[in-house]
Every structure is written in C-alpha cells, then in structure tokens.
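S.K.: Count along the sequence shown from 1, add 770, and you get the number used in my numbering.
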Amino acid sequence: MDIAEELFKYNPWWEQSYSPLFKPRKRYLNILQKNLSNKDIVLITGLRRVGKTTIMKLFIAELLRQLEPKFILYVSPDAIPFEPFSISHILRAYRKVFQLSLEEKVYLFFDEVAFRPRIHQELKNLYDRENVKVFASSSSASILNDTKALLTGRARTMEVMPLDFEEFLTFKDLKPRRSEHYLLESYFEKYMQIGGMPEYVITEDISYLENLVEGIIYKDIIVQHGLRDVSGIKDMMRLIMERSGKQISINKMAKVMGVSPDTVRRYLEYFRQTFLIYTIERCGKLNERLRAPKKIYAADMGIRNYFTSFRDKGAVFENLVYLKIKNQRPCYVYQNGLELDFYFDGTLLEVKYERELEGKQEAFFQQYPAKRKIQIRTVQDYLDLKV
771 MDIAEELFKY NPWWEQSYSP LFKPRKRYLN ILQKNLSNKD IVLITGLRRV GKTTIMKLFI
831 AELLRQLEPK FILYVSPDAI PFEPFSISHI LRAYRKVFQL SLEEKVYLFF DEVAFRPRIH
891 QELKNLYDRE NVKVFASSSS ASILNDTKAL LTGRARTMEV MPLDFEEFLT FKDLKPRRSE
951 HYLLESYFEK YMQIGGMPEY VITEDISYLE NLVEGIIYKD IIVQHGLRDV SGIKDMMRLI
1011 MERSGKQISI NKMAKVMGVS PDTVRRYLEY FRQTFLIYTI ERCGKLNERL RAPKKIYAAD
1071 MGIRNYFTSF RDKGAVFENL VYLKIKNQRP CYVYQNGLEL DFYFDGTLLE VKYERELEGK
1131 QEAFFQQYPA KRKIQIRTVQ DYLDLKV
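1. So within the segment 804–879, which uninterrupted beta strand (DSSP E) runs reach at least 3 residues, ignoring any that extend past its ends?
2. Scan the segment 941–1003 and note each continuous alpha helix (DSSP H) run of 4 residues or more that stays entirely inside, going in chain order.
3. In chain order, what residues of the same chain lie with their CB nearer than 7 Å to the CB of Pro-790, ignoring the 5 residues before and after it?
4. Taking just the CA atoms, how far does Asn-1106 sit from Glu-714?
5. If we require 4 or more residues per run, which alpha helix (DSSP H) segments fall completely within the segment 1068–1130?
6. Could you work out which residue in Asn-1021, Glu-974, Tyr-798 is closest to Tyr-1076 when comparing CA atoms only?
7. Taking the continuous beta strand (DSSP E) assigned at Ile-1050, which residues delimit it?
8. May I ask you to list the residues that DSSP assigns as paired with Gln-1145?
9. If you run the structure through DSSP and keep just helix, strand and coil, what is Met-1023?
10. Taking C-alpha atoms, which residue in Arg-1035, Pro-794, Gly-1015 lies nearest to Val-1091?
11. If you compare alpha carbons, which of Leu-979, Asp-934, Glu-980 is closest to Phe-961?
12. What separation, rounded to the nearest whole angstrom, lies between the Cα atoms of Val-1000 and Ile-992?
13. Based on Cα-Cα distance, which residue from Phe-905, Gln-786, Ile-850 lies nearest to Leu-843?
14. So what's Lys-796 in DSSP terms, helix, strand or just coil?
15. Taking only three categories from DSSP, how would you classify Ala-906?
16. Please name the residue, chosen from Tyr-788, Trp-784, Lys-779, Gly-821, that lies closest to Leu-799 on a Cα-to-Cα basis.
17. Residues in the same chain with beta-carbon distance under 8 Å from Leu-1118, minus the five sequence neighbours each way, listed in chain order, please.
18. Suppose you measure from the CA of Leu-939 to the CA of Arg-947; what does that come to, to the nearest Å?
19. Please classify Glu-937 as buried or exposed, where buried requires at least 16 neighbouring CB atoms within 10 angstroms.
20. Can you determine whether any heavy atom of the ligand NAD sits closer than 7 Å to the C-beta of Met-1027, and answer yes or no?
21. Quick check on Lys-796: buried or exposed, where buried means 16 or more other Cβ atoms within 10 Å of its Cβ?
22. Under the three-state reduction of DSSP, which class applies to Ala-925: helix, strand or coil?
23. Which first and last residues belong to the alpha helix (DSSP H) in which Ala-1140 is found?
24. Considering only residues of the same chain and omitting the five flanking positions on each side of Glu-873, which have a CB-CB separation below 7 Å?
25. Counting Cβ pairs closer than 8 Å, one from the segment 843–852 and one from the segment 876–890, do we hit at least three?
26. Is Glu-1064 helix, strand or coil by DSSP?
27. Measure the C-alpha to C-alpha separation of Glu-1088 and Phe-1114 and round it to an integer number of angstroms.
28. Using DSSP with H/G/I as helix, E/B as strand and the rest coil, what is His-786?
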C-alpha cells in the first residue's frame, strides 16, 4: 500500500484550497489558538460525535491562513490504511513526501487515538524527539488516566461538550432577541428535548441518535471491555438516565439490576469514561465525600431523553444548569434529609423549574452559609447565570 497516496486523501489542502462548511464553535477554536505557541500536546476529548473532528478541521482551516499547507498533517491512526504503521513511521512518510527536514516544525492532528496500542508512548516520543505541535482527539477518558503516567507536564486537555443553548440557537439559525421571552422559552424547551449533539440538532433524525447510542454502547463499551451482556448495559444506561440529578445507591441499583455492586461500579465507570455521564460528590470532609452517595448527570439531554422519553422537565432543567457550571466542580449539600443542588466557591444554587422553594427547604437555603445564593426557576434565570 502506498502510504503517501493515503496521506493525500486525508489532507486535501495539500492540493487545493480548503474551506470546510461547518458551523464554527469559537470558544474551542480560541482555546486551540491560545495553545498553538506552546510545545504541549493538546488532547481533545469528549463524547463520540460531539464535534471533535469538526473542530480539528476548522482549526486546520484557520492554520492554513498562517502556515503553508505542507506543514499540516491530519490522520486517523486507527483507520485501516494507517493501522499497521507506527506514528513515527507515518511521520517519516509524511516528511518524505515534502522533503521536510527534522528542523522544520510541523503541526500534527491525530483523530481518535484512545484505543491505539502504545499511543501514550508514541506521543511522548514525538514530544521529546521531534519538532512538532501535536493535537490528538479521543472519545474515551481512559486516555487521561494513562496520560498521567507518561505525559505529565507534556499535555493539556480540552473537553468538547454538546452544544450549549447559545450554540444550539446558532446551529438552528435562530436569532431571538433577549426581550422576546416567549420565543426564548419555546426554543429552550426544544433544547431541553433534543439536547446538543450537533448533527442531531440540525437534522432531528431519530435514527441518527439511535445509531449514535448504539455506536457508543457497542464500539466504546462492549467491544473495548470485552463484555457480552449487551441488554444489561442498556438497562443500566436507562436506569442511570432516569436517575439523573438524583443521589444514587450502588447497592440499590445492584438489587434492581440483579448484579453485584462491583458490576454496577464498573458499568458506571464505563459510562463516565465515554463521557455519557458526570458525577458530583456531597459537600463535606473527605471521608464524607467518599462514603456518601454521588449524584449523576447526563452529558446530553437528547441521549437522556432517548432512554427515558421527554418527561420530568425539572430534572432536565437541573441537568442543564449542572452542565453550565460543570467546570466549577460543584458538590451538592445534604443535611438532615434536606438537599440543595449545587455549591461551589461560596456560591449556592438551588434549581426549581417553574416552582418556588417552600417550608424547611426554603429555610435551609436561607440559613446555609454562602456568599452568593441563587434560585434558578426560569429560562431567564438560566440565561442570566454567570460563572
């Protein structure tokens, strides 16, 4: 096989102008641009089909305004043409195509590397021995665990999330004014229903969502971990999505599923590694954080609603608030049978979709020591929330 010929197929900008017709996600492009001048490897992580490849190609288009095309290489190392070859072999073949010396800096984009054997060692070797800037994407958080061993001090991570509400409006070509509350509320309810997976937002083709979910379950979980209980994984996923925003008991889930607590823990970790779910701990001292039940939130409302149907808008609304504040690493408050949703950096948030706090919970909210206290009840409250 002629590897050079395959490289040309993956890098059309070597032979012609390149203008990908994708809607931009500027905050991620800005992050990549800010990291362009340092030597660190940039790991682009996130849920399958959340837009990592698109962002890479949009960034390549930006780079083409700054660099000659020959200095940019994009490959998917797991693709059949490249699977037999090491990263270093691919790089040598690329340099040979353009007669590039080792002193000439090149920009490498490796798409979906998580399950490639020895990828961390290969990336480390590039960092240590080559004049390169590396961007690599992964749909599995397992790459981050292994990164700590081999790439400490050599890598930075950028997680790509499903579309936020502002991006959702952009992808839908909707431009309501902030004063048009009735339109915003209607569009937000649609956002609550279909979520933020870019292609699904554009097409609303349920078969796309079905294929996405099946791909995550089979390719990223069943195959990678050598599992056989496909129905068990799906049942666990459905149960988790129905419990999003609630405290979860490992033992109770194990009884419901008819499996061991260790199996539940293992499945939860698989879901976390594929960016399907996030967990938060109870506020408190370390031993309480470790012992107390965690709360689970879904990464995308479209996927959540695929398993549960679109009901319990309050849970969906709370989930969206969590996604907005996720980077603040919130915990939840629980005392004497009373719960408050989120606390971080002196800020207390309680989410009640179109409802008021009442009785003991209202008193608990008012008495809790926090510098800033916010109740989020409406779409406008959500839009006004700044973190």
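Quick reminder that beta carbons are idealized off the backbone N, C-alpha and C, glycines included.
M.R.: With the given structure in hand:
1. As far as the segment 804–879 is concerned, its whole beta strand (DSSP E) runs of at least 3 residues are 811–815, 842–845.
2. 951–964, 968–973, 976–985
3. Lys-827, Leu-828, Ala-831
4. Absent from the model: residue 714. The displayed extent of the chain is 771 to 1157, so no value can be given.
5. 1071–1078, 1083–1095
6. Glu-974
7. 1047–1050
8. Glu-1120
9. Met-1023 falls in the helix class under three-state DSSP.
10. Gly-1015
11. In the sequence under discussion, the amino acid at residue 961 is Tyr, which differs from the Phe named in the question. Among Leu-979, Asp-934, Glu-980, the Cα nearest to that of Tyr-961 is on Asp-934.
12. 7 Å
13. Phe-905
14. helix
15. strand
16. Of the listed residues, the one whose Cα sits closest to Leu-799 is Gly-821.
17. Val-1103, Leu-1110, Phe-1112, Phe-1135, Tyr-1138, Ala-1140, Arg-1142, Lys-1143, Ile-1144
18. Rounded to the nearest angstrom, the two C-alpha atoms are 11 Å apart.
19. buried
20. This structure does not include the ligand NAD; it has no bound ligands of any sort.
21. By the 16-neighbour rule on beta-carbons within 10 angstroms, Lys-796 is exposed.
22. strand
23. Where Ala-1140 is concerned, there is no enclosing alpha helix (DSSP H), given that its DSSP letter is neither H nor E.
24. Asn-901
25. These segments touch.
26. It is Lys, not Glu, that sits at residue 1064 in the sequence shown. Looking at Lys-1064 - three-state DSSP - the assignment turns out to be coil, as it is neither helix nor strand.
27. 15 Å
28. One detail in the question is off: residue 786 reads as Gln in this sequence, not His. Gln-786 falls in the coil class under three-state DSSP.
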